[in-house]
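Numbering (our numbering), first residue to last: 50 to 502.
Have a look at the structure below before the remarks.
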Ligand code: XIL
């Protein structure tokens with residue numbers, strides 16, 4: 050290639066470059082483009098984040114937020130709100146409300162077209178439930194199962210302002226109290242009784258005989274059946290005697306009926322003391338305290354007719370033989386779908402027909418009967434749970450007053466309920482949230498009580 054040609058090429062390239070540079074200076078005069086508005090993010094009850102892609106030459110952006118899509122009324126704090134970044138946290142909003150967003154870019158004083166409009170609905174934050182202290186609404190004992198170690202601070206406060214009765218969640222069961230032959234640990238149970246006394250509450254004691262709370266030394270006891278029975282008699286005498294005058298009532302035997310056919314569960318008590326072990330235990334309890342009310346307590350009897358009939362006939366049989374048995378505890382670990390109001394009413398009235406005291410003794414209402422692993426509590430579940438709680442309380446309050454013993458809820462706050470452990474899935478079965486605020490079900494129970502007055 051000759052030198053001349055080479056020089057020409059260099060010259061052409063130089064001219065081309067200059068003209069390109071000229072072009073780019075013209076680009077500066079192009080109108081600034083409208084930003085591309087993205088979908089709003091981080092939507093909460095009172096804020097969301099607006100985000101957009103602005104023209105590269107934009108120096109800032111103007112954001113409008115309005116409740117109407119035509120932007121006739123623009124929120125005063127967000128009327129052409131100037132932002133240099135490409136995002137904005139829009140806050141101070143009302144929950145459960147639709148907001149519309151548009152953005153324009155600014156280059157010096159020049160304003161682009163608006164972006165397309167996007168919208169966000171803030172999350173619905175339910176109004177706080179009213180503070181209705183259940184115990185002030187009725188003379189009927191409103192109970193809770195509690196653990197001694199938790200009865201302090203704001204939790205203790207919540208328990209004592211809401212309830213007029215307490216039950217030990219485990220501290221009065223045999224596994225806690227019966228530490229060895231002739232050895233008894235009353236310390237945690239006594240703490241619950243003291244808290245109840247200090248706060249003018251009664252105590253429903255639970256439970257003298259339960260196959261799932263038998264200490265190992267009894268389970269493996271090598272003595273004769275008569276010696277076993279003597280141990281049980283002594284235990285019941287000791288424990289009922291210890292709490293004589295301090296508790297209103299005892300679950301003497303818990304869960305003795307099997308789930309198959311209404312027969313007796315095959316437990317160590319049934320094996321060692323025979324089919325009449327229930328009556329014997331009721332007799333031992335009566336020997337130790339002539340006044341305390343004595344209950345038989347079981348689960349599923351709110352809907353399992355065979356089991357309910359079997360439980361009732363155990364009680365009836367004792368009464369026919371002159372053995373004191375005052376009432377029946379329907380544990381009532383229920384769920385939002387089941388049982389129906391009719392079934393609840395039918396079951397409770399069967400106990401009334403026998404003249405028994407009726408205790409709704411361990412009430413909780415699952416919202417996750419399908420045992421979903423990722424379920425979260427929401428307003429729909431809250432409403433359905435409220436409805437089922439109302440059905441139980443209303444049907445109970447329709448029984449003759451002389452048959453109503455008490456309603457005991459099996460726990461206070463959802464996060465401490467035994468249910469998630471038991472079913473192996475999250476659940477929210479109680480009346481209070483973990484921050485001790487009342488749930489919708491709590492309001493429902495309060496209203497059901499008020500309406501029945
Ligand atoms: C449960 C308690 O809630 C748990 O804390 C404990 O570990 C096991 O027992 N039926 C009953 C109650 O009669 O005693 C049970 O309580 C729940 C089922």
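A virtual CB, placed ideally from N, CA and C, is assigned to each residue, including glycine.
Bear in mind that the values here come from a model prediction, so they are computed numbers and not experimental data.
Counting C-beta neighbours from all protein chains within 10 Å, is the total for residue i 16 or more, i.e. buried, or is it exposed?
i           : result
residue 230 : exposed
residue 293 : exposed
residue 174 : exposed
residue 322 : buried
residue 359 : buried
residue 221 : buried
residue 414 : buried
residue 176 : exposed
residue 143 : exposed
residue 495 : buried
residue 460 : buried
residue 158 : exposed
residue 140 : exposed
residue 309 : exposed
residue 412 : buried
residue 453 : buried
residue 261 : exposed
residue 238 : buried
residue 232 : exposed
Between which two residues does the alpha helix (DSSP H) harbouring residue i extend?
i           : result
residue 497 : 489–501
residue 399 : 390–402
residue 100 : First-last for residue 100: 97–102, but that is the beta strand (DSSP E), not the alpha helix (DSSP H).
residue 430 : 428–446
residue 239 : 236–247
residue 227 : That residue, residue 227, is in no alpha helix (DSSP H); its beta strand (DSSP E) goes 227–229.
residue 364 : 354–369
Only counting the same chain, and skipping five residues up and downstream in sequence, which positions put a Cβ closer than 7 Å to that of residue i?
i           : result
residue 393 : 351, 440, 441 and 444
residue 228 : 234
residue 258 : 301, 302, 303, 318 and 330
residue 203 : 485
residue 409 : 379, 381, 441, 445, 456 and 457
residue 500 : none
How is residue i classed by DSSP in three states: helix, strand or coil?
i           : result
residue 212 : coil
residue 482 : coil
residue 163 : strand
residue 154 : strand
residue 295 : coil
residue 348 : coil
residue 109 : strand
residue 205 : helix
residue 343 : strand
residue 271 : coil
residue 168 : strand
residue 74  : Any reading at residue 74 must be qualified, since the residue scores a pLDDT of 45, below 50, and its modelled position is unreliable; no value is offered.
residue 114 : strand
residue 464 : helix
residue 147 : strand
residue 44  : Because the chain here runs from 50 to 502, residue 44 falls outside it and cannot be looked at.
residue 266 : helix
residue 287 : helix
residue 137 : strand
CB-CB under 8 Å to residue i, same chain, minus the five flanking residues each way: which ones, in chain order?
i           : result
residue 418 : 384, 385, 386 and 387
residue 117 : 149
residue 296 : 242, 251, 252, 253, 254 and 341
residue 286 : 333, 336 and 337
residue 200 : 208, 240, 241 and 244
For the beta strand (DSSP E) containing residue i, name the first residue and the last one.
i           : result
residue 411 : 406–415
residue 377 : 376–379
residue 257 : 251–259
residue 453 : 453–458
residue 130 : 130–132
residue 194 : 191–195
residue 384 : 382–384
Using a C-beta cutoff of 9 Å, does residue i count as contacting chain B?
i           : result
residue 384 : This model lacks chain B altogether, as it is built from one protein chain only.
For residue i, I'd like the list of residues in its chain whose CB is within less than 6 Å of its CB, leaving aside the five on either flank, ordered along the chain.
i           : result
residue 137 : 99 and 112
residue 375 : 342, 343 and 406
residue 493 : 435, 438 and 439
residue 282 : 333
residue 278 : 322
residue 109 : 131, 133 and 155
State whether the region 185–205 contacts the region 232–251, with contact taken as three or more CB pairs (one from each stretch) at a distance under 8 Å.
yes
Spell out a yes or no on whether the region 79–92 and the region 165–185 are touching, meaning 3 or more CB-CB pairs, one atom from each, closer than 8 Å.
yes
Are three or more beta carbon pairs between the region 390–410 and the region 368–380 nearer than 8 Å?
yes
Report yes or no: do three or more beta-carbon pairs, one from the region 424–433 and one from the region 473–490, lie closer than 8 Å?
yes
For the region 469–488 against the region 367–376, are there 3 or more C-beta pairs whose distance is under 8 Å?
no
Count the C-beta pairs between the region 457–477 and the region 402–419 that are closer than 8 Å, then say yes if the count reaches three, no if not.
yes
Would the region 88–103 and the region 117–126 be scored as touching if the rule is three or more Cβ pairs under 8 Å?
no
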